[in-house]
Amino acid sequence: MAAEAVLVARLRANDQAAFRELVRARHGRLLRLAGAFCRNRASAEEVVQETWLAVITGLHGFSGEAPLAAWINGILVNKAKTRAVRDGRMVNFSDLARQESEGDAFEPERFLPDGHWAEQHRPWDALTPEREAGDRELLAGVGEALDKLPPAQRAVVLLRDVEGLESPAICQALGISDANLRVLLHRARVKLRDAADRMVRG
Amino acid sequence: MLTCHQVAEEATEYMEGAGARTRRLRVWAHLRVCPNCREYLRQLSRTIGLARRALAPPPAAEVEDELAAIFAAHGKGAAE
Ligand SMILES: [Zn+2]
Chain A
32 MAAEAVLVAR LRANDQAAFR ELVRARHGRL LRLAGAFCRN RASAEEVVQE
82 TWLAVITGLH GFSGEAPLAA WINGILVNKA KTRAVRDGRM VNFSDLARQE
132 SEGDAFEPER FLPDGHWAEQ HRPWDALTPE REAGDRELLA GVGEALDKLP
182 PAQRAVVLLR DVEGLESPAI CQALGISDAN LRVLLHRARV KLRDAADRMV
232 RG
Chain B
271 MLTCHQVAEE ATEYMEGAGA RTRRLRVWAH LRVCPNCREY LRQLSRTIGL
321 ARRALAPPPA AEVEDELAAI FAAHGKGAAE
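Top to bottom, those sequences are chains A and B.
Just so you know, the first sequence maps onto residues 32 to 233 in our numbering.
Just so you know, the second sequence maps onto residues 271 to 350 in our numbering.
Given below as structure tokens:
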């Protein structure tokens with residue numbers, strides 16, 4: 032938090048290098064999050080651009096109560112929703128939630144008829160704490176797996192697991208129920224775990 | 271006893287501390303005796319850590335430059 036206070040002070044003092052640091056740290060993640068709300072890449076890019084403009088003009092009003100990243104994410108989600116309304120296509124996450132919750136979370140063949148796993152989960156011994164924190168290829172691969180999720184699953188897992196929002200705030204932002212949220216989160220995590228399992232074993 | 275399939279379906283609910291207490295207890299009882307499900311839940315939970323650290327491509331140089339220029343211009347405007 033102390034490092035963040037320093038960064039905010041530098042930004043308020045119009046420190047260019049600090050701003051570039053912030054853009055490098057957050058831009059890709061913002062684009063990823065915007066992608067869950069927007070129909071195409073171009074509108075996601077515009078939403079992120081609008082978000083940065085709001086950050087630049089709003090920086091002096093930033094209270095510091097929430098972390099900077101959370102404040103920026105909140106701006107982005109609002110911009111993305113406003114934009115969707117303006118484009119006449121409100122993203123209806125509760126409809127998406129219904130669609131994305133259809134069918135089985137697991138392919139039936141992953142379990143035996145008696146309900147036992149058909150597969151043996153071997154421990155991720157190859158995933159050392161060092162790799163977990165710093166294996167750029169693995170962590171970029173997890174990012175790509177996030178980008179491949181269906182939009183409502185992606186929005187939920189990005190807000191909950193990647194950005195660390197609390198569930199009630201996510202339900203409110205997306206207009207979905209708590210039950211919707213858990214189903215979407217589960218399906219997203221199951222897919223990400225499978226992707227990670229393949230990458231960890233290489 | 272719940273099956274592995276049922277435990278797998280309820281893993282997120284269990285990890286989030288949601289759901290009825292009796293149900294949670296049944297998942298817990300299964301995990302106690304099933305190393306395969308224990309490992310699966312451990313991997314799900316480590317996946318959350320990986321998602322948090324997932325990398326995103328950095329902004330294109332021209333995008334960064336454009337934003338930095340707007341930031342600089344706004345700073346000048348505010349200082350005047
Ligand atoms: Zn089991």
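We put the beta carbon where it would ideally sit given N, CA and C, even for glycine.
Values in this document were obtained by computation on a predicted structure and should not be read as measured data.
Identify which residue in I103(A), R229(A) and E161(A) has its Cα closest to the Cα of I87(A). In the first sequence, the residue the question calls residue 87(A) occupies position 56. Minimum Cα distance to I87(A) is reached at I103(A).
Going by Cα to Cα distance, which pick from H58(A), G95(A), R55(A) and N71(A) is closest to R43(A)? Residue mapping note: residue 43(A) aligns to position 12 of the first sequence, counting from 1. The shortest C-alpha separation from R43(A) is found at G95(A).
Please find out if some non-hydrogen atom of ligand 1 comes closer than 7 Å to the beta-carbon of H300(B). In the second sequence, the residue the question calls residue 300(B) occupies position 30. Residue side-chain check: H300(B) places its Cβ nearer than 7 Å to a non-hydrogen atom of ligand 1.
Span separating the alpha-carbon of P328(B) from that of L62(A): Taking the first residue of the second sequence as 1, we reach residue 328(B) at position 58. Taking the first residue of the first sequence as 1, we reach residue 62(A) at position 31. So the two alpha carbons sit approximately 10 Å from each other.
Is L221(A) near ligand 1, with its Cβ less than 7 Å from a heavy atom? Here residue 221(A) is taken as the residue at index 190 of the first sequence, counted from 1. The amino acid occupying residue 221(A) in the given sequence is Val; Leu does not appear at that position. Answer for V221(A): no, Cβ out of range of ligand 1.
Interface residues of chain A facing H300(B) [CB-CB closer than 9 Å]: Indexing the second sequence from 1 puts residue 300(B) at position 30. Near H300(B) there are no residues of chain A at all, since even the closest Cβ is about 10 Å away, more than 9 Å.
Distance between beta carbons of H147(A) and Q313(B), contact taken as under 8 Å: Here the question's residue 313(B) lines up with position 43 in the second sequence. Here the question's residue 147(A) lines up with position 116 in the first sequence. With 8 Å as the limit, Q313(B) and H147(A) do not qualify as a contact, their Cβ atoms being about 17 Å apart.
Output, in chain order, the set of chain A residues within a Cβ distance shorter than 8 Å of A342(B). As a working note, residue 342(B) is residue 72 in the second sequence. Result: N45 and Q47.
Give, in chain order, every residue of the segment 303-316 of chain B whose Cβ lies closer than 7 Å to some Cβ of chain A. Look at the segment 303-316 of chain B: the residues with a C-beta under 7 Å from a C-beta of chain A are N306, E309, Y310, Q313, L314 and R316.
Is R322(B) close to chain A, meaning its C-beta is less than 8 Å from at least one C-beta of that chain? As a first step, residue 322(B) must be located in the second sequence, where it is residue number 52. Closer than 8 Å to some Cβ of chain A, the Cβ of R322(B) qualifies, so yes.
Using a Cβ-Cβ cut-off of 8 Å, state whether G319(B) counts as contacting chain A. Here residue 319(B) is taken as the residue at index 49 of the second sequence, counted from 1. True, the Cβ-Cβ gap to chain A drops below 8 Å.
Would you report the Cα separation of R41(A) and L325(B), rounded to the nearest angstrom? As a first step, residue 41(A) is located in the first sequence; it is residue number 10 there, counting from the start. As a first step, residue 325(B) is located in the second sequence; it is residue number 55 there, counting from the start. Between R41(A) and L325(B), the C-alpha separation is close to 25 Å.
Using a cut-off of 7 Å between C-beta atoms, extract the partners of T282(B) located in chain A. Counting from one through the second sequence, the residue named residue 282(B) turns up at place 12. Ordered by position in chain A, the residues that pass the 7 Å Cβ test against T282(B) are R213, L216, H217 and R220.
Jot down the residue ranges of each uninterrupted alpha helix (DSSP H) in the segment 300-331 of chain B, minimum 4 residues, whole runs only, in chain order. Those alpha helix (DSSP H) runs which fall completely within the segment 300-331 of chain B and span 4+ residues are 305-323.
Report the CB separation of E131(A) from Q184(A) in whole angstroms; it is logged as a contact under 8 Å. The residue labelled residue 131(A) in the question sits at position 100 within the first sequence. The residue labelled residue 184(A) in the question sits at position 153 within the first sequence. The pair is a contact, with the Cβ atoms about 6 Å apart (cut-off 8 Å).
For chain A, is any of its Cβ atoms less than 8 Å away from the one on E279(B)? Translated into the one-based positions of the second sequence, residue 279(B) becomes position 9. E279(B) belongs to the set of residues whose beta carbon lies under 8 Å from a beta carbon in chain A.
What is the rounded straight-line gap between the Cα of R316(B) and the Cα of V231(A)? Stepping through the second sequence from its first residue, residue 316(B) is reached at position 46. Stepping through the first sequence from its first residue, residue 231(A) is reached at position 200. The C-alpha of R316(B) lies about 11 Å from the C-alpha of V231(A).
Report back the beta-carbon spacing between E150(A) and R141(A) to the nearest angstrom; my notes put them in contact at under 8 Å. The sequence position of residue 150(A) within the first sequence is 119, counting from 1. The sequence position of residue 141(A) within the first sequence is 110, counting from 1. Contact check for E150(A) and R141(A): beta-carbon distance about 6 Å, within the 8 Å limit, so the pair qualifies.
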